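Contents: one structure, followed by commentary.
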Amino acid sequence: MKSIWKMSSKVVLCLLFVSTHILPVFSLTDSNDLAALNAIKSSWNNLPPNWVGADPCGSNWQGVNCTGTRVTSLYLAGTRLESRQISDIPSLTGLEFLDLSNNIGLRAILPPSIGNLRNLSTLILVGCSFFGPIPDSIGSLRQLVFISLTNNSFSGPIPPSIGNLSQLSWLDLSVNRLNGTIPVSSGTAPGLDRLHGARHFHFSNNQLSGPVPAQLFSSNMSLMHAIFDNNRLTGSIPFSLGSVTRLEVVRFDWNSLEGSLPPNLNNLTRLNELYLSNNNFNGNMPNLTGMDVLYYVIMENTNLEGQIPVNIFTLPQLETVVLKNNNLNGTLDIGISYPSNLTVNLQNNSITDFQQRTDYNVELTLVGNPVCNTNGATARFCSVEGHRNNLLPSNRCGAMSCSKDKVLSPNCRCSHPYTGTLHFYSFAFTDLQNSTYYETLYRTLMTAFNRTELPVDSVIIRNPVISIYSYLQLPLQVFPSGQDSFNHSSISRIGFVLNRQPFQIEYFGPFFFLDEEYCCLPGSKNSSHVGIIIGVSVGGSVLLILVILAGIYALRQRKNAKNAIEKSNPFASWDPKKESGDVPQLQGAKCFSFEDLRKCTNNFSESNCIGSGGYGKVYKGTVASAQVVAIKRAQQGSMQGAHEFKTEIELLSRIHHKNVVSLVGFCYEQGEQMLVYEYISNGTLRDCLSGKSGFWLDWNKRLRIALDGARGLSYLHELADPPIIHRDVKSTNILLDNKLHAKVADFGLSKLVGDTGKGYITTQVKGTLGYMDPEYYMTQQLTEKSDVYSFGVVLLELVTARAPIQQGKHIVRIVHEAFADQRQPQNLDQIIDPSLDSGAKLSGLMKLVDLAMSCVRESATDRPTMGEVVREIENIMELANFDKKTDTGLYSSSFEERTDESPLHSFAAEAFDGSYGSFPFPVQRHQ
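Quick note on numbering: the sequence shown equals residues -27 to -1, 1 to 900 in mature numbering (1 follows the signal peptide of the UniProt record, and there is no 0).
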């Protein structure tokens, strides 16, 4: 025995010697790079599964590219990485390409040591959660050609040192929290004006302030895109802008600029798109003569005055002119030399006459001008017509269908697509339903994927939406070729192509791509192939470890088995007859057996099915106590772990308020997960507003519904224990009982999330298009103010009865445009629900609209809390002399908790329809 042990000891020592001394001889990876990657492995989560072994270059670690022994590229886009620091990245001093985009779990600062990456040419951090200042050391990366830091939470000023990057072509710092002035050089100090070779300045959606420096622009610049919209810039647009003759896109909209527009704008003869809306300019229309490739002119709400020069309509490529909400006057003459398919929107100006000619082929809007008050042939231009809302591309696969977890591609194959949204800073067309533009985009994307030899079968582009800030948002699905799903490497490479943008697309400007969490990243089956010696050494080490662990495993087997049983069914100990066990903390919710619910739904009969959605089906039934209930039955793909389900029930059972739908009980048997709610009889608010339910809501009822819904949400945010963020507030989740009182509904199966101190960084944005908080969508940071934004959209629905998105336009944008000119409050007549326009005074209407618009402010910090919303609605109703006798208790300033003796109500099925994962979140109370 001793000799055997002695021999084994020698074998082990030999293996250890081989693994520590011989192995490095065969390694293809630089030792410093290996140390850096191993440090990343030890501190980051969700790295690719084949990051194993001791030779990243020799083992072809996914996302790691090498030149010789040095790591030169790190492509890890869209792989759901998580880390609180990236301080090991700067140790990879040979890096030339770094792409960590679309990893919102990277919540870290960009360390000053990033300046060590002296060979870096491409830096892409789009759609992560980086915060803090952009380090000044970034200016020492003299090889940088491409920087895209968009859609993070970077703050502080733009580092002037970026002006040292003489090779820089693309600079995108948009959608952050950068502040301060635009840096320009002074003496030896650098500034952005020194970037003569840069073609792209993207600074939109920040908090930049101060004037636009005249020094920023000069005739020796190569700049093509100057995008500065949605900031806090003041002063005038400098004359020097007209000297940058290569410009193709200019955006200064949504600032506080003033003064006259530069008279030399027509020097920009290559300009395609000009956005100057929502500023405080004065004077006449600028001279645009000679701008022969100009497609798009957007200058609404800019205080322009005077007569529109006829020569603007002679520009040969012109497609869209939007000049609404200005002070333009006199006679409109479009002439006879206008281009075909021209769209002109002059809504809400002071035009008194129209020089009309026969056979005008112009889509012209003159609503809100004095000329529309006269009888004549202008009548057809004095109304707003709707457009079709088709999906693109159309279905070419006939009646083919896929299993519920796959999607049918344009080439009629079922697979798991990689999905996300393209956000275009600019685009040169108005008709969102014209497939010609999307065919161009489709061909360009497929060509880019094919050139990089990506396994892409096809893409789908559909449901275009124009945001309130005139960005075009296009949901994108990318389908795999020759397989059912993409692997880590393909996802990262697709993300790199989309955010690096090595192409130009006709009719479309620059964009950024934000992805959604990919469902199906497979585990890697790759193995190390360095040699037999490595295999023997690693195998021997593993064998030794397994022997040591075997004893530990045997000792803990019984305990593990017991834990496994409890984990698989935490409900096993829920026996009310026992005094011990894992008793749930329930308050009023009942545990139903599967047989109880099967009987009350006639064996889950289709005749009892009252709705369905992504979660599953909803059945109406009557339980033994004679209470009518709605039973929400999860389908297989929507179920969660048993412990999460148990925690969810405990959470939901503690919610008791008259304006929140209550959980009656649950069922966890025979592989089922079911929630039982009270049933609300009069359907959803959306059904009432659309006329589907047959109920008409007068103004007083709408105010009461607004108050009920606000009280329900305020209770969830401020008095629930723990507080809850609903995350999917919408008019189909506000139900009306038999007295038309509102109840907030649909809490689904929630997912408990830890608190970050300032909100929740979620791994996937949840919500419904049209109601989703844009700040939450961009930053993935969830707070109570996200619910406030959604409720603001609901308030606008109460006023207008419109769906949140119609004809590609958001209701927030529609209302904002209607009130852009405060001197024309009659604009409200164009958007108010016509069924309310009965001659009766709608007391408090303007105040409610003001409240709604405060709820949908761009920055969450500028929005009110739900408690403040409640108090404001109460004030509105008080000022409107609302009849208190018709609704007792309406003005109670406290939040009333409902007793366990709740009235019997019914539950509308529509509350579950079209749910996009509406999971509530518990909130950390702020002391």
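Virtual Cβ for every residue (Gly too), placed ideally from N, Cα, C. Keep in mind that this is a model prediction, so the values were computed, not measured.
- ASN255 is positioned such that its CB atom lies no closer than 7 Å to that of ASN274.
- If you draw a straight line from the Cα of ASN33 to the Cα of ARG43, it is about 13 Å long.
- As summarised for the segment 173 to 261, the continuous beta strand (DSSP E) elements at least 3 residues long and confined to that stretch are 173 to 175, 180 to 184, 198 to 200, 205 to 207, 222 to 224, 246 to 248, given in chain order.
- Taking 4 residues as the minimum length, the alpha helix (DSSP H) runs contained wholly in the segment 619 to 690 are 658 to 663, in order along the chain.
- Take ASN318, set aside five residues on each side of it, and the residues of its chain with a beta-carbon closer than 6 Å to its own are VAL295, LYS297, THR338, in chain order.
- Secondary structure of ASN342 (DSSP, three-state): coil.
- The distance from the Cβ of ILE441 to that of HIS783 is about 6 Å, consistent with a contact at the 8 Å cut-off.
- With 16 or more other Cβ atoms from the protein chains shown falling within 10 Å of its own Cβ, GLY136 counts as buried.
- The alpha-carbon separation between LEU144 and LEU117 amounts to approximately 10 Å.
- Assignment of beta-bridge partners to PHE286 by DSSP yields no partner.
- Rounded to whole angstroms, the gap between the alpha carbons of ILE804 and CYS345 is 18 Å.
- Just measuring C-alpha positions, the residue of ASN89, GLN140, TYR652, THR161 sitting nearest LEU196 is GLN140.
- Sequence-distant Cβ neighbours of PHE481 in its own chain, meaning closer than 7 Å and more than five residues away, are PHE397, PHE400, LEU414.
- By the C-beta density criterion, PRO437 is buried, having at least 16 other C-beta atoms within 10 angstroms.
- Contact annotation: the segment 279 to 289 touches the segment 254 to 269, with at least three C-beta pairs closer than 8 Å.
- DSSP places TYR391 inside the beta strand (DSSP E), whose first and last residues are 391 to 397.
- Annotation for CYS30: the continuous alpha helix (DSSP H) segment containing it runs 29 to 32.
- Exclusion of the five residues before and after SER376 leaves CYS387 as the residues of its chain whose Cβ lies within less than 8 Å of its Cβ.
- For CYS355, the CB contacts under 7 Å within the same chain, skipping 5 residues up- and downstream, are LEU339, VAL340, CYS345 in chain order.
- Between the beta-carbon of ILE849 and that of LEU658 there is about 18 Å, and that puts the pair past the 8 Å contact cut.
- Per DSSP, the continuous alpha helix (DSSP H) segment holding PHE422 begins and ends at 408 to 424.
- In the DSSP annotation of this structure, the continuous segment of the beta strand (DSSP E) that includes ARG150 starts and ends at 150 to 153.
- Excluding its 5 nearest sequence neighbours in each direction, SER566 has C-beta neighbours in its own chain below 8 Å: CYS640, GLU642, listed in chain order.
- Per DSSP, GLY743 lies in no alpha helix (DSSP H) segment and is marked neither H nor E.
- A direct Cα-Cα distance of roughly 12 Å separates SER759 from MET751.
- With a contact defined as Cβ atoms closer than 8 Å, VAL432 and GLN450 qualify at about 6 Å.
- Cβ-Cβ separation between TYR744 and VAL702: approximately 6 Å, consistent with a contact (criterion under 8 Å).
- Here the segment 120 to 132 lies against the segment 146 to 159, with 3 or more beta-carbon pairs under 8 Å apart.
- Counted as a single uninterrupted DSSP element, the stretch harbouring ILE324 is not any alpha helix (DSSP H) but the beta strand (DSSP E) occupying residues 323 to 327.
- Its chain contains SER816, GLY817, LYS820 as the residues whose beta carbon lies nearer than 8 Å to that of LEU852, once the 5 sequence neighbours on both sides are disregarded; these appear in chain order.
- Classified as exposed, GLU412 has fewer than 16 neighbouring CB atoms from the shown chains inside 10 Å of its CB.
- In terms of Cβ geometry, GLN280 and GLY303 form a close pair [threshold 7 Å].
- When the five nearest sequence neighbours on each side are left out, the beta carbons in the same chain lying within less than 7 Å of the beta carbon of ARG775 are those of ILE784, in order along the chain.
- In the DSSP assignment, ARG844 falls within the unbroken alpha helix (DSSP H) covering 839 to 852.
- Taking LEU71 as reference, the option from ILE77, ILE62, LEU238, PHE201 with the minimal CA-CA separation is ILE62.
- In terms of Cβ geometry, TRP24 and LEU54 do not form a close pair [threshold 7 Å].
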